[in-house]
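There are 2 protein chains.
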Amino acid sequence: MSLLDDKFAALSTENAPGQEVRQSAGDFRQLMIGEMLPGRVVDFSHGDVDAFSPPPEAIERFTEAVRIGGRQAYTEYRGSADIRAQLAEKLGAFTGAPISPDAGLIITPGTQGALFLAVAATVAAGDKVAIVQPDYFANRKLVRFFGGQVMPIAMNYLDKSDGAGLDLSQLEAAFEAGAKVFVFSNPNNPTGAVYSPLEIERIAALAQRYQATIVADQLYSRLRYDDEAYTHVCAGVDENLCLTIMGPSKTESLSGYRLGVAFGAPDIIGRMEQLQAIVSLRAAGYNQAVLRSWFDEPPGWMATRTTEHQHIRDEMLAIFAAAGFPTRRPQAGSYMFPTLPRLKVASLDFVRLLRHQANVIVTPGTEFGPHDQSIRLNYSQDLRAAIDASHRIVEMVARYRA
Amino acid sequence: MSLLDDKFAALSTENAPGQEVRQSAGDFRQLMIGEMLPGRVVDFSHGDVDAFSPPPEAIERFTEAVRIGGRQAYTEYRGSADIRAQLAEKLGAFTGAPISPDAGLIITPGTQGALFLAVAATVAAGDKVAIVQPDYFANRKLVRFFGGQVMPIAMNYLDKSDGAGLDLSQLEAAFEAGAKVFVFSNPNNPTGAVYSPLEIERIAALAQRYQATIVADQLYSRLRYDDEAYTHVCAGVDENLCLTIMGPSKTESLSGYRLGVAFGAPDIIGRMEQLQAIVSLRAAGYNQAVLRSWFDEPPGWMATRTTEHQHIRDEMLAIFAAAGFPTRRPQAGSYMFPTLPRLKVASLDFVRLLRHQANVIVTPGTEFGPHDQSIRLNYSQDLRAAIDASHRIVEMVARYRA
Chain P
0 MSLLDDKFAA LSTENAPGQE VRQSAGDFRQ LMIGEMLPGR VVDFSHGDVD AFSPPPEAIE
60 RFTEAVRIGG RQAYTEYRGS ADIRAQLAEK LGAFTGAPIS PDAGLIITPG TQGALFLAVA
120 ATVAAGDKVA IVQPDYFANR KLVRFFGGQV MPIAMNYLDK SDGAGLDLSQ LEAAFEAGAK
180 VFVFSNPNNP TGAVYSPLEI ERIAALAQRY QATIVADQLY SRLRYDDEAY THVCAGVDEN
240 LCLTIMGPSK TESLSGYRLG VAFGAPDIIG RMEQLQAIVS LRAAGYNQAV LRSWFDEPPG
300 WMATRTTEHQ HIRDEMLAIF AAAGFPTRRP QAGSYMFPTL PRLKVASLDF VRLLRHQANV
360 IVTPGTEFGP HDQSIRLNYS QDLRAAIDAS HRIVEMVARY RA
Chain Y
0 MSLLDDKFAA LSTENAPGQE VRQSAGDFRQ LMIGEMLPGR VVDFSHGDVD AFSPPPEAIE
60 RFTEAVRIGG RQAYTEYRGS ADIRAQLAEK LGAFTGAPIS PDAGLIITPG TQGALFLAVA
120 ATVAAGDKVA IVQPDYFANR KLVRFFGGQV MPIAMNYLDK SDGAGLDLSQ LEAAFEAGAK
180 VFVFSNPNNP TGAVYSPLEI ERIAALAQRY QATIVADQLY SRLRYDDEAY THVCAGVDEN
240 LCLTIMGPSK TESLSGYRLG VAFGAPDIIG RMEQLQAIVS LRAAGYNQAV LRSWFDEPPG
300 WMATRTTEHQ HIRDEMLAIF AAAGFPTRRP QAGSYMFPTL PRLKVASLDF VRLLRHQANV
360 IVTPGTEFGP HDQSIRLNYS QDLRAAIDAS HRIVEMVARY RA
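As given, the protein sequences belong to chains P and Y, one line each in that order. Residue numbers for the first sequence follow numbering that gives the first Met the number 0, beginning at 0 and rising by one. Residue numbers for the second sequence follow numbering that gives the first Met the number 0, beginning at 0 and rising by one.
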């Protein structure tokens, strides 16, 4: 099984968000400096759907679907036709790129499901794929799982520049060297950076020139602060070269329903459906109905949610700034990626200590690329709890500083 | 993209169950003999969850989970620990093989999700895999998707023998030739055959001798007629060589919730979880809670369901017997696989004619192997509708007989 051993070694989930409960505490007590730092557990590895709950319509749409019965339980593999029609209209209006409900959209089990199918449908063994550093850890793992070769593209997200800080010359060099696909998240996960209109225009032009496929993970593109300008890359490139991925798991707190969508390139969508047929058949039929109320929340719902997240962001940024942790100011979404000073313990040990000594769960920066001094925090949390936990992080850093 | 073209060509879903709506009617009118055969549409490609509805507890468990909130929305990738503990106990008792709730069980999006992860975790490019003919179409497609080589094992399901009719000498020859994995469904999909205790014993002994991995899809193993003897293969082989897949989508009509489980070999389960992390993260969190009432239906619920299905089976078998279609008598589940006489039209055209001319949707036998004279029917349907549709099939065969 050595081929498989290699393949799965690259898929380690030991430090992935949500899996902390499977880690043994190990010898963290031997490393521990000072007393326990008590406080309410805050799990920054994902948003707290008890603090920010799903829109009330979700469960209504679900139970309605159960009442409808068979027609909603067994949909086409790409999802219920009438729900796709609604989504194509809403998402076309949101992104500014028209979507064919029949050929250009697939409903998937979460955006993770969409990303998996998208990479499987575009990356063959040996293919070169441009991946941003830092970016969502699964991008890298997926490319490797399908035998592709990751070409890292730096993002200088701490620069005070206008955009996300993508190194466009590296991207061009990757395309020149034969990269066929560019996978990136916008807003960026883990930093919350938003690509500027100019950056997006350049990315689109490069993809067009080199006939490379863009897979744009726009999971957080609805939650934007201060009316941040946002450019949808697929609106500026040939339909067949671009796929957008979105879903209601984050901003809308609907992660427990596992729903995502991918839209754009019909050829890629067609392959994704073929593959979905053997991966999971379809997104759970009844759950799909929850998408009926997506982009249709009560008036003011999204504005309130945005303001509340911005408040938490600002409080935490102030705490980390006072402590001297360089941190990109998130322009959208609810991820933050502070850089910590050098510590006396290894970064993964510090993350374990944070959990066991200070009741704070974070995702290590190494999950996102070679960023061992950073930690990722999803600040979609109760405000008071997030502030207290941020202070505990600062106190822990003070104790373990090299 | 030629590597990918090949890979996806093998995944055609054009004739897969549930996808009929995506087929163009084509020129079926030119082939049509006689008038339309009107009647209520019967979709034998899957069970009718309006005729056989889910247990009433399902939606209660679901809404309860939504109320619980975050803890149920974000579970470990392998599923909620307390639900796994309940399942390990129930499924251990059902199969007679003890299950470790922590290391030996994973909750997946449907049994399809489990099958995908199981094949991915055991089959590397170039590996030989023994696959029964006929058997569930995804087995073959999955092996090919991961670059494996299918070694077909014949099942003489029409023989009046004691068991399912598996050609055990072919299975041994496949193992001898290096097959590392044996994937099979029991009860068999599409025939409803149940493997005899002796067949299972021989399969287990061969796997043990050749140190091959068994993946047993037992989706329908609860719905057995006349107290049919049933042997769980994983109870008779080393834990590390066997994985069982089950789920509540069929007998329990819970397909709209997309839930499955795999249990057995801890090493394989571990890999499946690593992969699930990048495929779909987890089975939808709230949906997982529906598994709490699985194997815990109201008293008499399963007995009634079994009797009702047996009644439909017997009525349809009598109709096909009178028409002279050789048909294996299903011992469990709700699939039937009659062999039709030679026809004047190609088998796929006949399947399209059945749909457009007679309002009967069936799955062509070619989806299950080289069985172009057969059609698969899921008879979990309204009794009256199923009988009427069976008569229409007989009438259509009479019209198109060669």
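Note that CB positions come from ideal geometry on N, CA and C, so glycine has one too.
Subject >> Simplified DSSP assignment, three categories, for P/A282 >> reply: Position 283 of the first sequence, counting from 1, holds the residue named residue 282 of chain P. Note: P/A282 maps to coil in three-state DSSP.
Original post:
Closer than 9 Å, CB to CB, is Y/V131 near chain B or not?
Top reply: Looking for chain B here will not work: the only protein chains present are P and Y.
**OP:** Measure the beta-carbon distance from Y/F115 to Y/L141 and round it to whole angstroms, keeping in mind my assumption that it falls under 8 Å.
**Re:** For the purposes of this step, residue 115 of chain Y is identified with residue 116 of the second sequence, where counting begins at 1. For the purposes of this step, residue 141 of chain Y is identified with residue 142 of the second sequence, where counting begins at 1. Indeed they touch by this definition, with Cβ atoms about 6 Å apart.
**OP:** Just list the beta strand (DSSP E) runs in the segment 122–152 of chain P, keeping only unbroken ones of 3 residues or longer that don't cross its boundaries, in chain order.
**Re:** 127–132
Original post:
Within this structure, are the beta carbons of P/I213 and P/V180 separated by less than 9 Å?
Top reply: Locating residue 213 of chain P in the first sequence gives position 214, counting from the first residue. Locating residue 180 of chain P in the first sequence gives position 181, counting from the first residue. Yes, the pair counts as a contact, with Cβ atoms nearer than the cut-off.
Subject >> Reference P/A402, options P/I268, P/S389, P/I360, closest by Cα >> reply: As shown, chain P starts at 0 and ends at 401. That puts residue 402 of chain P outside it, with no answer to give.
Original post:
From what residue to what residue does the alpha helix (DSSP H) around P/D26 run?
Top reply: Within the first sequence, residue 26 of chain P is the residue found at index 27, counting from 1. P/D26 -> no alpha helix (DSSP H), and no H or E assigned at all.
Original post:
Cα-Cα, which of P/A172, P/L197, P/T190 is closest to P/D161?
Top reply: One-based indexing of the first sequence puts residue 161 of chain P at position 162. Comparing Cα positions, the closest option is P/L197.
**OP:** Please check if any C-beta of chain P sits within less than 9 Å of the C-beta of Y/D49.
**Re:** Taking the second sequence and counting its residues from 1, the one referred to as residue 49 of chain Y is at position 50. So yes, Y/D49 belongs to the interface.
Original post:
Looking at P/P108 and the ligand PLP, is the gap between the Cβ and the nearest heavy atom below 8 Å?
Top reply: You won't find the ligand PLP in this model; it holds no ligand whatsoever.
**OP:** Could you say which of Y/I360, Y/R21, Y/T110, Y/D134 lies nearest to P/V278 if we only look at CA atoms?
**Re:** As a position in the first sequence, residue 278 of chain P is number 279, starting the count at 1. The shortest C-alpha separation from P/V278 is found at Y/T110.
Original post:
Is it the case that the Cβ atoms of P/F51 and P/S373 are separated by a distance below 9 Å?
Top reply: Walking along the first sequence from the start, residue 51 of chain P turns up at place 52. Walking along the first sequence from the start, residue 373 of chain P turns up at place 374. Contact: no.
Subject >> P/I481 - containing beta strand (DSSP E), residue span >> reply: Absent from the model: residue 481 of chain P. The displayed extent of chain P is 0 to 401, so no value can be given.
**OP:** Please list the segments of the alpha helix (DSSP H) lying wholly inside the segment 157–208 of chain Y, counting only runs of 4 or more residues, in order along the chain.
**Re:** 167–175
Original post:
Y/N286 touches chain P at which residues, Cβ-Cβ below 9 Å?
Top reply: The sequence position of residue 286 of chain Y within the second sequence is 287, counting from 1. Correct list: G255, Y256, R257, A283, Y285, N286.
**OP:** Report all residues from its chain with a CB closer than 7 Å to the CB of P/V236; omit the five preceding and five following residues, and keep chain order.
**Re:** Here residue 236 of chain P corresponds to residue number 237 of the first sequence, with the count starting at 1. Closer than 7 Å at the Cβ level, and outside the excluded window around P/V236, lie A203, A206, Q207, I213.
**OP:** Look at the alpha carbon of Y/A282 and the alpha carbon of Y/V393, and state the distance between them as a whole number of angstroms.
**Re:** Within the second sequence, residue 282 of chain Y is the residue found at index 283, counting from 1. Within the second sequence, residue 393 of chain Y is the residue found at index 394, counting from 1. Going by the C-alpha atoms only, they are around 41 Å apart.
**OP:** Quick one: give me the first and last residue of the beta strand (DSSP E) that P/I106 is part of.
**Re:** Counted from its first residue, the first sequence places residue 106 of chain P at position 107. Unbroken beta strand (DSSP E) run through P/I106: 104–107.
Original post:
Taking the alpha helix (DSSP H) that P/G263 falls in, what are its first and last residues?
Top reply: Looking up residue 263 of chain P in the first sequence gives position 264. Per DSSP, P/G263 belongs to no alpha helix (DSSP H); it is in the beta strand (DSSP E), 259–263.
**OP:** Could you check which residue in Y/G255, Y/A384, Y/Y219 has the C-alpha nearest to that of Y/I360?
**Re:** Taking the second sequence and counting its residues from 1, one reaches residue 360 of chain Y at position 361. Nearest of Y/G255, Y/A384, Y/Y219 to Y/I360, Cα basis: Y/A384.
**OP:** Taking P/F367 as the query, report the chain Y residues whose CB atoms sit under 7 Å from its CB, ordered along the chain.
**Re:** To locate residue 367 of chain P, count along the first sequence from 1; it is residue 368. Under the 7 Å cutoff, chain Y gives no residues; its nearest Cβ is about 14 Å from P/F367.
Original post:
Which value, in whole angstroms, describes the spacing of the CA atoms of P/R257 and P/N377?
Top reply: Along the first sequence, read from residue 1 onward, the residue named residue 257 of chain P stands at position 258. Along the first sequence, read from residue 1 onward, the residue named residue 377 of chain P stands at position 378. Cα to Cα, the separation comes out at about 18 Å.
Original post:
According to the neighbour-count rule (16 or more other Cβ atoms, all chains shown, within 10 Å of its Cβ), is P/D134 buried or exposed?
Top reply: By one-based count along the first sequence, residue 134 of chain P stands at place 135. Buried, because 16 or more other Cβ atoms sit within 10 Å of the Cβ of P/D134.
Subject >> Buried or exposed by the 16-neighbour rule on C-beta atoms within 10 Å, applied to Y/M315 >> reply: In the second sequence, the residue the question calls residue 315 of chain Y occupies position 316. Result: buried.
Original post:
By a C-beta neighbour count over all protein chains shown, 10 Å radius and 16 as the cutoff for buried, is Y/D216 buried or exposed?
Top reply: As a first step, residue 216 of chain Y is located in the second sequence; it is residue number 217 there, counting from the start. With 16 or more other Cβ atoms within 10 Å, it is buried.
Original post:
Can you find a CB in chain P that lies within less than 9 Å of the CB of Y/S11?
Top reply: Position 12 of the second sequence, counting from 1, holds the residue named residue 11 of chain Y. Closer than 9 Å to some Cβ of chain P, the Cβ of Y/S11 qualifies, so yes.
Original post:
Of the residues that make up the segment 90–108 of chain Y, which ones have a beta carbon closer than 7 Å to any beta carbon in chain P?
Top reply: P108
Subject >> Option nearest Y/F7 by Cα separation, candidates P/A84, P/A317, P/T305, P/Q275 >> reply: Mapped onto the second sequence, residue 7 of chain Y falls at position 8. Out of P/A84, P/A317, P/T305, P/Q275, P/Q275 has the C-alpha closest to the C-alpha of Y/F7.
Original post:
For P/K140, which residues in chain Y fall below 7 Å Cβ to Cβ?
Top reply: Position 141 of the first sequence, counted from the start, is the residue given in the question as residue 140 of chain P. Simply I277.
Original post:
Can you find a C-beta in chain Y that's less than 9 Å from the C-beta of P/R270?
Top reply: To locate residue 270 of chain P, count along the first sequence from 1; it is residue 271. Output row for P/R270: interface = yes.
Original post:
Which whole-angstrom value describes the C-beta separation of P/V128 and P/A178, a residue pair presumed to lie in contact below a C-beta threshold of 8 Å?
Top reply: One-based indexing of the first sequence puts residue 128 of chain P at position 129. One-based indexing of the first sequence puts residue 178 of chain P at position 179. Right, their Cβ atoms sit about 6 Å apart.
Original post:
By how many angstroms is the C-alpha of Y/G259 removed from the C-alpha of Y/M150?
Top reply: Indexing the second sequence from 1 puts residue 150 of chain Y at position 151. Indexing the second sequence from 1 puts residue 259 of chain Y at position 260. About 26 Å.
Subject >> Neighbour list for Y/R21 in chain P, Cβ cutoff strictly below 7 Å >> reply: Position 22 of the second sequence holds residue 21 of chain Y. Near Y/R21 (Cβ distances below 7 Å), the residues of chain P are E75.
Original post:
What does Y/T62 reach in chain P if we use C-beta pairs closer than 9 Å?
Top reply: Your numbering for residue 62 of chain Y matches position 63 in the second sequence. Going along chain P in sequence order, the residues near Y/T62 (Cβ under 9 Å) are I58, F61, T62.
Subject >> Contact set between the segment 34–48 of chain P and chain Y, restricted to residues whose Cβ is under 7 Å from the partner >> reply: H45, D47, V48
Subject >> Cut-off 7 Å between Cβ atoms - residues of its own chain near Y/E63, not counting five sequence neighbours on either side >> reply: Along the second sequence, read from residue 1 onward, the residue named residue 63 of chain Y stands at position 64. If we look at Y/E63 and ignore the five residues flanking it on each side, its Cβ neighbours are A288.
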